[in-house]
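Shown next, in structure tokens, is the structure this report addresses.
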Amino acid sequence: MSDTVDIHGDEVVSAKTLDFGLLRRLLPYARRHWPAFARSLLVLAGVLACELATGWLWKRAIDGPATDALNAGVAEGAAIDPSIRAAFLWIVAAYLGFVVVKTLLSYAEVAVLGRTGQLVVHDLRRDVFRHIARLDVNWFDGRPTGSLVTRVTSDVENLSEMFTSGLVVIVFDLLKIVVIIAVLFWLSAKLALLTLLATPVLIGVSLLFRGGAREAFRLVRARASRQSGYLQEVLSGVRVVQAFGREDRVRGRYDELQHDTYRAALRALLLFALFFPTISLAEALYKGGALWAFGGEVESGAMTLGEFLQFWMYLYVLLAPIRELGERYNVLQAAFASAERLFQILDTKPRVTAPADPVSADRITAGHVRFEHVSFHYTEGVPVLRDVSFEIPPGHTVALVGATGAGKSTIVDLLLRFRDPVAGRVTIDGTALDRFDPSDLRRHFGLVMQEDYLFHGTLRENLVMDREEVDEESLAIALEASRAGEVVA
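FYI, in the numbering used here the residues of the sequence shown are 82 to 570.
If you want it as structure tokens, here you go:
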């Protein structure tokens, strides 16, 4: 059976329930910030220590000063002994101290885990954007801009949740379950054994919905991406939409995509809605059985009232990670669905690359261009250029004239190495273009685009495009040569 499922277009993702391959690829991003993760684990350990300490203090208070005061009151009918009162006050003070420490550690847990997740997101978003910027122009041709924006923003943000409320917390929750069970065995092996026998049932219920969770989240991401892509297209071409009176058609299409996204999100929400009542019912039955067993132990004298209360409080500590295990797992599923989409991009290799030993483009002096038996196609079997040969001597001006789709823009793309020929070669001053680093080569060209595009910022920033070598004098010369000086002024 195939491990992949095609949801929409290029949205091909793994159908494995827990993809360890994806996890292995994500872990290096976590290893870069292992001190932050170590601090997170220490904070979580501190919270657990406070929970254990408060349970122990309740046991000491019930079996110590509270019992002593009760016995003294029954026996003598007198005021409580000052030593008993002092012991009780010390326990109360210690309890309040641990509560305050736990509160501070809970704040630190959110802050440290949140910062750790953002560190990972920072690195991943940077790597994805840098990789996208290096990909070939033809890779962008068939992909909606909105879909790519969703991957760099929302999908990366899902991974932030994985590293804040997902992976680290799951690892610690599993450790917490082991520690609490060990403590319960130390308190009462008999009751701990009963607890241990019922625990797998709770875990099974918690993970019952894991099969549909990942598929639901995967579908939500794919549908949202498709919707964002269409929105981006409509906003970019809003003048065309209005000029041809296509508003109703566009609204109808967007409503269809929105409805698809709504249905996918509703499915995921229904899984959550079914999960929480089910786990609550299982917990109620679990607690009821435990209460019946504990009551028998107290009645027989095998367990004091303080020990019962301590055991009961630790039982609540045990149930918390079990109850949240399904939710944490759902966070992982959403993160894996997003990670699959991000690694689709990171696994895409650019076809136009620099050679191992590139020739410096500074050797271009005359600018003699030759196309030698060049052929090119975008789609196999549908040629755009076929055995094209011509040359442009230095100092000459050449105009390419032809019908739409004749290959004029393709020739410019080949000259700037946005694409490489399928056959033949393009040379400049006798050197084939594939011997140059594309970025180095393009520094020696001036390109006036067919369609104007301005980035957000000043006009000067758009003209200079962050090139440090462009000073005011060279900019003025360029404006005068392009006859744009008056327009800019």
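Every residue, glycine too, gets a C-beta built ideally from N, C-alpha and C.
Values in this document were obtained by computation on a predicted structure and should not be read as measured data.
Would you kindly work out how many angstroms separate the C-alpha atoms of residue i and residue j, rounded to a whole number?
i, j, result
"E421", "L104", "10 Å"
"Y367", "A279", "7 Å"
"L352", "P358", "11 Å"
"P464", "F101", "43 Å"
"V191", "V260", "22 Å"
"E561", "R548", "19 Å"
"L216", "V237", "19 Å"
"A365", "L400", "11 Å"
"L514", "T460", "22 Å"
"L574", "G333", "The question about residue 574 has no answer here: the residues shown for the chain are numbered 82 through 570."
"Y397", "D341", "41 Å"
"F221", "V568", "32 Å"
"G370", "G285", "18 Å"
"L481", "D533", "20 Å"
"A354", "V282", "20 Å"
"T508", "L466", "16 Å"
"E328", "V315", "10 Å"
"T184", "F417", "32 Å"
"L107", "I165", "56 Å"
"L177", "L338", "54 Å"
"P436", "D428", "20 Å"
"V180", "F389", "21 Å"
"H537", "I360", "51 Å"
"G376", "R207", "58 Å"
"W393", "V128", "18 Å"
"P475", "G462", "35 Å"
For residue i, count the other beta carbons within 10 Å of its own beta carbon; 16 or more makes it buried, fewer makes it exposed. Which is it?
i, result
"H114", "buried"
"P519", "buried"
"R409", "buried"
"K271", "exposed"
"P502", "buried"
"K430", "exposed"
"D336", "exposed"
"G310", "buried"
"R304", "buried"
"A273", "buried"
"R320", "exposed"
"G471", "Going by the sequence as given, residue 471 is Phe instead of Gly. Exposed, because fewer than 16 other Cβ atoms sit within 10 Å of the Cβ of F471."
"G198", "buried"
"T245", "buried"
"R299", "buried"
"E554", "exposed"
"L350", "exposed"
Please check the pair residue i and residue j, which I expect to be a contact at CB under 8 Å, by giving their CB distance rounded to whole angstroms.
i, j, result
"V209", "V233", "6 Å"
"D510", "I558", "Their Cβ separation, rounded to whole angstroms, is 24 Å, which puts D510 and I558 out of contact at 8 Å."
"M243", "L413", "6 Å"
"V455", "G505", "4 Å"
"G146", "A168", "Per the sequence presented here, residue 146 reads as Pro, with Gly not at that position. At roughly 5 Å, the Cβ-Cβ gap stays under 8 Å, so P146 and A168 are in contact."
"Q308", "W139", "Contact doesn't hold; Cβ gap of about 53 Å is too wide."
"F452", "V469", "6 Å"
Going by C-alpha to C-alpha distance, which of the options sits closest to residue i?
i, options, result
"Q531", "S555, P502, K489 and L556", "K489"
"R564", "V529, L240, E388 and A130", "V529"
"I403", "Y188, T276 and A111", "T276"
"D254", "V201, A345 and L406", "L406"
"Y110", "A363, L170, T184 and L240", "L240"
"T148", "S381, T197 and T385", "T385"
"A214", "I426, L122, G370 and Y343", "I426"
"H525", "L497, F536, D204 and G538", "L497"
"L522", "L495, E542, L535 and W137", "L495"
"L122", "F375, L108 and L186", "L186"
"H458", "S441, R500 and Q339", "R500"
"G527", "E380, G538, R302 and L544", "L544"
"G483", "I492, P475 and H477", "I492"
"V301", "R344, G448 and V128", "R344"
"Y395", "V180, E380 and K257", "K257"
"W267", "V181, A447, D428 and W137", "W137"
"D443", "R516, Q323 and L466", "R516"
"Q313", "Q339, H449 and T226", "T226"
"V182", "T231, R224 and E132", "E132"
"A374", "V180, V551, S269 and E542", "S269"
"T512", "G448, E542 and G382", "G448"
Beta carbon of residue i, beta carbon of residue j: below 9 Å?
i, j, result
"A134", "A189", "no"
"L194", "V249", "yes"
"R348", "A297", "yes"
"A117", "L200", "yes"
"A142", "G387", "yes"
"S317", "T231", "no"
Quick check on residue i - is its C-beta less than 9 Å from some C-beta in chain D?
i, result
"G326", "Going by chain labels, chain D is absent from the structure shown, which holds only one protein chain."
Would you check whether the ligand FAD has a heavy atom nearer than 8 Å to the C-beta of residue i?
i, result
"F179", "Looking for the ligand FAD in the displayed structure turns up nothing, as the structure carries no ligands at all."
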